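Okay, structure first, notes after.
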Amino acid sequence: MTDPASHTPQQKRPQILLGTFIHSKSRRQLEYLHHAAVAVDGQGMICAVVQSREGVEDPREEVLKVMGWTDKEADVVQCREGEFFFPGFI
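If you count by full-length UniProt numbering, then the sequence shown holds residues 1 to 90, one letter each, in order.
Printed below as a string of structure tokens:
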């Protein structure tokens, strides 16, 4: 969204997206990230990706720590069973 007076994008709250992510590594290869957390800043830029793996029990908590955010500073969007995010696909 753009501020009509200044023609600059309005700052939104940061988001943490939780769930399965599918993205293209190349024209012929997709990568699936299950149980992942993606941090998106107030301008819509992906800032961090944390995937569930050994040593990372809770990707949500880990991405909060990486970004230096608290629970109250970011909106959380969680996929339901069978849903996924496809970043960059509009």
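Each residue gets a CB set at the ideal place from its N, CA and C atoms; glycine is no exception.
Small disclaimer: the values here were computed from a predicted structure and weren't measured.
- Looking at the DSSP output, V63 shares a beta bridge with no other residue.
- The beta carbon of E83 lies closer than 8 angstroms to those of G19 and T20 in the same chain, with the five residues before and after it left out.
- The region 11 to 18 makes contact with the region 58 to 72, as at least three CB pairs between them are under 8 angstroms.
- For C47, the enclosing beta strand (DSSP E) stretches over residues I46 to Q51.
- A direct Cα-Cα distance of roughly 4 angstroms separates V40 from I46.
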